[in-house]
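Accompanying notes for the structure given below.
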Amino acid sequence: MYSLPAYAFIAQDFTTQAALYTHHQYIAGFIMKGAFAHGAIFFIRDYNPEQNEDNCIGKNLGQPFSGVPYFGTLFHNDVMLAFGTPEKQILIEPTQWIQSAHGKTSYGFDVLLSSTNGPAFNAGQSIWLPGWLNAINDNSNSLFLTIGPGDFLVHHAIALGLHTTTLILVKGALDARGSKLIAR
539 MYSLPAYAFI
549 AQDFTTQAAL
559 YTHHQYIAGF
569 IMKGAFAHGA
579 IFFIRDYNPE
589 QNEDNCIGKN
599 LGQPFSGVPY
609 FGTLFHNDVM
619 LAFGTPEKQI
629 LIEPTQWIQS
639 AHGKTSYGFD
649 VLLSSTNGPA
659 FNAGQSIWLP
669 GWLNAINDNS
679 NSLFLTIGPG
689 DFLVHHAIAL
699 GLHTTTLILV
709 KGALDARGSK
719 LIAR
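Quick note on this note's numbering: the sequence shown kicks off at 539 and runs consecutively.
Written out as structure tokens, the structure is:
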């Protein structure tokens, strides 16, 4: 099963689907802001730079500041594609290069799998699934089941909820062990 709507009408009622998704996105966003706030409290109050020199904690400070806007931009681009307005995307050249390397030709980069003259492209035509590179560039998405905006919204709502729940559970486990990573 690709996705099951919570109510039968939601599969066709994209306004309701978008409203429910936005509602849960806001809730998850508030919870994520709380998680980032607790991380900031730790870095301000309990962080010892000498003790944590060159370890992963010392490098985590920049993650919320660099990752969240980038994730938001990717999220925006996915929404624009899902709702049929790709011209409203915010173009990110590094992302485009990565997608091109995996066979997306619409950006016009002649690199790795998107290069029709390269050995990887030619070998890919006959091994594994013939025609899979063509399917990457097919707007009908015929590789699996057809998807629409509702599938996109359900996927990201569930994914964000699961990741946020995991953060809360990890924080609880660390707190139960008296970890210094948890701000008091």
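For glycine and all other residues, C-beta sits at the position ideal for the given N, C-alpha and C. Just so we're clear, the structure is a prediction, and the values are computed from it rather than from any experiment.
Using CA atoms only, rank isn't needed, just tell me which of the options is closest to residue i.
i                 : options                        : result
methionine 570    : Ala711, Ala714, Thr704, Asn590 : Thr704
phenylalanine 690 : Lys718, Phe574, Leu619, Phe659 : Leu619
lysine 718        : Thr553, Tyr585, Phe568         : Tyr585
valine 708        : Phe568, Ala573, Thr553         : Ala573
alanine 695       : Ile628, Val617, Pro587         : Val617
Please classify residue i as buried or exposed, where buried requires at least 16 other C-beta atoms within 10 Å of its C-beta.
i                 : result
glutamine 589     : exposed
glycine 577       : buried
valine 649        : exposed
valine 692        : buried
phenylalanine 580 : buried
leucine 712       : exposed
tyrosine 540      : Reliability of the predicted coordinates at tyrosine 540 is poor, the pLDDT of 46 falling under 50, and the value obtained from them is presented with this limitation in mind. Answer is exposed; the Cβ neighbour count stays below 16.
alanine 714       : exposed
leucine 700       : exposed
leucine 558       : buried
alanine 575       : exposed
Compare the C-beta of residue i against all C-beta atoms of chain D and say whether one is closer than 7 Å.
i           : result
glycine 699 : No chain D is part of this structure, which consists of one protein chain only.
So what does DSSP say about residue i, is it helix, strand or coil?
i              : result
glutamate 625  : helix
asparagine 590 : coil
arginine 583   : helix
glycine 699    : helix
leucine 683    : Below a pLDDT of 50, predicted positions are generally treated as unreliable, and leucine 683, at 49, falls in that range; the measurement from the model is reported next regardless. Coil.
threonine 523  : Residue 523 is absent from the model: the chain starts at 539 and stops at 722.
asparagine 660 : helix
methionine 539 : Residue placement at methionine 539 is flagged as unreliable, the pLDDT there being 36, under the threshold of 50; a coordinate-derived value is accordingly withheld.
glycine 577    : helix
For the putative contact between residue i and residue j, defined by C-beta atoms under 8 Å, what is the C-beta separation to the nearest angstrom?
i             : j             : result
leucine 698   : glutamine 563 : 7 Å
threonine 654 : alanine 566   : So it is not a contact: roughly 41 Å between Cβ atoms.
Considering only heavy atoms of the ligand ATP, does any lie closer than 6 Å to the CB of residue i?
i              : result
isoleucine 565 : Looking at this structure, you won't find the ligand ATP or any other ligand, since it has none at all.
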